[in-house]
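Visitor: Encoded as structure tokens, here's the structure I'll be asking about.
Dropping the structure here:
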């Protein structure tokens, strides 16, 4: 896509009950090292005050965008499931086209977990790398992706190009009547013109 920088990496991070914050999956593999992740994990697997909010970290020569999610339920170890699916883009790139993508992915994964235990079931969760790989390649190639997850859920994403700033309208750009409007037959005007002229 023109004017939208490519996504460099997508990774899924979660709070592991014994290991703490970890990168469970990433595409491409080993794009972010464990050491690099350890320097920023407090902004990826966050405290409750920052959960369900869009967070952008400009570090390690990249921008990392995520929306950390916490689902509270006694069925989970420690009574909660904390995760974040993050996008990595170039440090100089604008985040605007990706913000809605990150929020939608967080919403999709939350709904999949609530409806199907998609993230807490290891067999289902193991399909995430394939899904992430398709998201990465399809968004970079065409700016859209439609990925069926199961019979009732499909991930639909589309990158939105940033709008150009609106041009300033000068007085000479606006049409005005040069003759008296009473000289015209109003019954031949459309409704909008009639409304504007009176």
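Residue numbers (the numbering used here): 4 to 201. All residues carry an ideal CB built from backbone N, CA and C; glycine is no exception.
1. Buried or exposed, going by whether 16 or more other CB atoms sit within 10 Å of the CB of residue 29?
2. Since residue 72 contacts residue 86 with CB under 8 Å, what's their CB separation in whole angstroms?
3. Out of curiosity, what's the CA-to-CA distance linking residue 22 and residue 16?
4. Can you have a look at residue 7 and say buried or exposed, based on whether 16 or more other CB atoms are within 10 angstroms of its CB?
5. With respect to 6 Å, is the separation between the Cβ of residue 140 and the closest non-hydrogen atom of the ligand GTP below this value?
6. How about residue 152: is its C-beta nearer than 7 Å to some C-beta of chain B?
7. Using a Cβ-Cβ cutoff of less than 6 Å, which residues in the same chain neighbour residue 187 once the five nearest sequence positions on both sides are dropped?
8. So, are the CB atoms of residue 158 and residue 111 less than 7 Å apart?
9. Please work out which residues of its chain come closer than 8 Å, Cβ to Cβ, to residue 51, disregarding the five sequence neighbours upstream and downstream, and give them in chain order.
10. Please specify which runs of the beta strand (DSSP E), each continuous and at least 3 residues long, are wholly inside the segment 13-66, giving them in chain order.
11. Could you tell me the boundaries of the beta strand (DSSP E) in which residue 85 lies?
12. For a quick check, are the C-beta atoms of residue 135 and residue 10 less than 7 Å apart?
13. Quick one: residues in its chain with C-beta nearer than 7 Å to the C-beta of residue 27, no 5 flanking neighbours on either side, listed in chain order?
14. Around the C-beta of residue 113, are 16 or more other C-beta atoms found within 10 angstroms, so that it is buried, or is it exposed?
15. What is the C-beta distance between residue 60 and residue 24, in whole angstroms, given that I count them as a contact (C-beta under 8 Å)?
16. DSSP three-state call for residue 157: helix, strand or coil?
17. For residue 4, collect the residues of the same chain with a Cβ closer than 7 Å to its Cβ; drop the 5 residues on either side in sequence, then sort them by chain order.
18. Which same chain residues, not among the five before or five after residue 153, have their C-beta less than 7 Å away from its C-beta?
Guide: The relevant details are as follows:
1. Residue environment analysis places residue 29 among the buried positions, since at least 16 neighbouring C-beta atoms fall within 10 angstroms of its C-beta.
2. The beta-carbon separation of residue 72 and residue 86, rounded to 6 Å, stays under the 8 Å limit for a contact.
3. Going from the Cα of residue 22 to the Cα of residue 16 covers about 12 Å.
4. Around the C-beta of residue 7, 16 or more other C-beta atoms lie within 10 Å, and the residue is accordingly described as buried.
5. The ligand GTP is absent from the structure shown, which contains no ligands of any kind.
6. No chain B is present in this structure, which holds just one protein chain.
7. The beta carbon of residue 187 lies closer than 6 Å to none in the same chain, with the five residues before and after it left out.
8. Yes, these two residues count as a Cβ contact at 7 Å.
9. Correct list, in chain order: 73.
10. For the segment 13-66, whole beta strand (DSSP E) runs of length 3 or above, ordered along the chain, are 23-30, 58-62.
11. Unbroken beta strand (DSSP E) run through residue 85: 83-93.
12. Going by C-beta atoms, residue 135 is not nearer than 7 Å to residue 10.
13. Cβ within range, chain order: 15, 16, 17.
14. Buried is the call here.
15. Not confirmed; about 13 Å, so no contact.
16. It is a strand residue.
17. Note that residue 4 has pLDDT 41, beneath the 50 cutoff, so the model's placement of it is unreliable and the number below is only indicative. Excluding residues up to 5 positions away in sequence, 146, 162 lie with their Cβ nearer than 7 Å to the Cβ of residue 4 in the same chain.
18. Same-chain partners within the cutoff: 119.
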